[in-house]
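In terms of this note's numbering, the sequence shown opens at residue 56 and continues consecutively.
What follows is a single structure, written as structure tokens, with notes after it.
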Amino acid sequence: MDYTYWEVCLISGDNLMKRFYKCLAVLCCPFLLSACGRQLPEESAKDAFEDAASVEDSSDSDSEISSAVDASVAQSSEEASTESSDELSTNSIPKWSKAYAEYLRTGAEYISFADCGSEVTYTLIYLDDDDIPELFIDTGIEASGQMVITYFDGKVVDQYLSRIGSQYIEKSGLIYTDTGHMDYYPISIMKLENGVFTEIASGIRYVSEEDFKKMGEDENYPYTLTYEWGDKTVTEEEFNAHVAEYYDVDKGKYPDNYYSYDEFLYLLENGKWFSADHKYELLVQDCSWSEAQKICLEKGGYLATVTCTDEAKVISELIKKEGYTNKAFFVGYRSCEWIGDTFCSFRWINQDGSYQEIMPSMYDFWDYHSPGYDYSKNEWSFEGGEQEVGLAKYFEEDGMIYIFDAPDKILSVSPEYAGKIGFICEYD
């Protein structure tokens with residue numbers, strides 16, 4: 056799919072600097088991927104959009120969305136689908152969606168918040184008990200935090216959350232933020248009601264100066280936290296009891312199914328995700344990633360860029376329908392690597408050769424973290440080669456694909472996978 060060309064260049068002419076930058080990238084990757092391991096969402100942001108838009112907007116009685124928009128599914132592995140999704144007119148987009156889109160484009164507070172140098176991601180949640188979802192934004196960086204935005208009485212209201220990792224209880228209005236670092240862990244419980252965010256409780260866990268000094272003097276001194284609730288020092292048990300008075304942690308859930316900026320803005324303004332009308336073709340063939348990309352380009356497409364969970368679901372359904380659940384398919388992703396003297400980060404490769412940088416941890420379908428999965432028996436692990444590209448594998452238990460890192464020339468590294476490899480071409 057087409058995106059603005061984002062180029063990140065770290066130019067260096069000697070091998071020493073190359074080694075340095077590659078090591079730096081490896082060190083940074085765990086930080087960037089700290090959000091990995093999210094579970095497959097029960098409802099996508101697209102579904103939330105359609106559910107909310109199917110009822111009357113509280114401030115616009117004539118704003119309704121047509122029935123669910125689904126991407127077409129390819130008819131066979133040899134022939135791309137010719138079906139297309141339903142069309143939506145701009146008049147059918149509800150006011151809240153238009154307001155969120157305008158906020159993302161022009162909101163002063165948001166622009167300041169988003170200018171943090173990370174790949175900011177976006178989703179929709181149902182926080183309070185009305186039928187309009189809230190916009191949730193995550194910077195992916197602990198110190199940069201998150202934002203939640205609501206639409207009430209024709210106005211957009213935003214609330215900054217100072218750390219990442221907040222959870223919420225659906226339809227309750229409650230947000231619970233329990234994060235922190237460097238021996239200082241504040242918690243905040245907020246409630247959204249009638250368009251107003253109010254902090255209803257707060258506390259702090261921290262290492263006191265006295266305990267910190269003792270830990271420095273005695274390596275056997277236990278790690279000790281001091282607990283404060285309001286302006287009073289309390290025990291750990293009392294602290295947890297206070298939390299339970301306001302928020303049931305067991306009922307909490309984390310926002311998921313994040314989108315990139317371009318994808319999410321398109322969803323808000325059009326009522327469907329960017330690739331909803333794209334076609335997909337599965338080809339089973341022993342080849343490298345580079346060879347697969349060349350074949351797709353010659354056919355008028357490109358290796359599939361799976362930029363949201365909705366698109367991953369469409370591809371998953373196609374793989375199951377075609378009976379290729381025992382195969383793995385190259386997609387149009389490449390990992391951190393040097394291209395000449397240019398260091399390139401995680402990215403989707405577009406048809407024209409441009410690319411969109413991504414943070415893989417934003418996707419619920421990246422890597423496989425199903426409970427009980429034995430990684431020592433991972434059929435799709437690859438030893439002895441650089442893991443440069445993306446390989447999608449279908450998993451029956453979830454009915455979904457998950458994308459793994461794999462070598463470009465996969466059969467040179469693991470020839471035992473001959474006959475099990477293919478690739479997915481996408482057509483605009």
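Backbone N, C-alpha and C fix where the C-beta goes; we use that ideal spot for every residue, glycine too.
Boundaries for residue 151: no beta strand (DSSP E) harbours it, while the alpha helix (DSSP H) harbouring it runs 150-161, taken from the DSSP string.
Sorting 453, 290 and 250 by C-alpha distance to the C-alpha of residue 258 places 290 at the top. Taking a C-beta distance under 8 angstroms as the contact criterion, residue 155 and residue 204 qualify as a contact pair. By alpha-carbon distance to residue 401, the top candidate from 459, 196 and 373 is 459. For the pair residue 450 and residue 316, the Cα-to-Cα distance works out to about 28 angstroms. Contact between residue 479 and residue 352 does not hold, since the beta-carbon distance rounds to 13 angstroms and is not under 8 angstroms.
The C-alpha of residue 313 is placed about 38 angstroms away from the C-alpha of residue 287. Inside the region 302-339, DSSP marks whole alpha helix (DSSP H) runs of 4 or more residues at positions 316-325, from first to last along the chain.
Residue 288 has 283 as its beta-bridge partners, per DSSP.
Exposure of residue 397 is indicated by the presence of fewer than 16 other C-beta atoms within 10 angstroms of its C-beta. With fewer than 16 neighbouring CB atoms inside 10 Å of its own CB, residue 340 falls in the exposed class. Put simply, of 266, 405, 445 and 410 the residue whose alpha carbon is nearest the alpha carbon of residue 422 is 445.
Assigned with DSSP and collapsed to three states, residue 452 falls in coil, not helix or strand. Scanning the region 173-248 from its first residue to its last, the whole beta strand (DSSP E) runs of 3-plus residues come out as 176-180, 189-193, 201-207, 210-216, 222-224, 229-233 and 239-248. Note on residue 152: 16 or more other CB atoms within 10 angstroms of its CB, so buried under the neighbour-count rule.
Collapsing the DSSP output to three states places residue 410 in a strand. The beta carbon of residue 403 is closer than 7 angstroms to those of 360, 362, 387, 388, 410, 411 and 413 in its chain, skipping five residues each way along the sequence.
Counting along the chain, the unbroken alpha helix (DSSP H) around residue 351 starts and ends at 344-353. Distance from the CA atom of residue 147 to the CA atom of residue 463, rounded to whole angstroms, is 44 angstroms.
Residue 364: member of the alpha helix (DSSP H) spanning 364-377, first to last residue. Contact between residue 181 and residue 225 holds: CB atoms are separated by about 5 angstroms, below the 8 angstroms threshold. Relative to the Cα of residue 176, the nearest Cα in the group 190, 302 and 342 belongs to 190. In the three-state reduction of the DSSP assignment, residue 299 falls in the helix class, which pools H, G and I. In the three-state scheme derived from DSSP, where H, G and I count as helix and E and B as strand, residue 266 is classed as helix.
Scanning its chain for C-beta atoms nearer than 6 angstroms, with the 5 sequence neighbours on each side dropped, one finds around residue 207 the residues 250, in chain order.
The Cβ-Cβ distance between residue 219 and residue 238 does not fall below 8 angstroms.
With a threshold of 16 other beta carbon atoms within 10 Å, residue 308 falls short and is exposed. Burial check for residue 371: the Cβ neighbour count within 10 Å reaches 16 or more, so the residue is buried.
Straight across, the Cα-Cα distance linking residue 298 with residue 374 is about 46 angstroms. Sixteen is the threshold: since fewer than 16 other Cβ atoms of the shown chains lie within 10 Å of the Cβ of residue 408, the residue is exposed. Going by C-alpha positions, residue 276 is about 58 angstroms away from residue 331. Rounded to whole angstroms, the separation of the alpha carbons of residue 447 and residue 342 is 15 angstroms. When beta bridges are read from the DSSP output, residue 458 appears opposite 421 and 447. Each of 256, 261 and 244 was checked against the Cα of residue 236, and the nearest Cα belongs to 261.
Shown here, residue 251 sits in a strand according to DSSP, grouped into three states.
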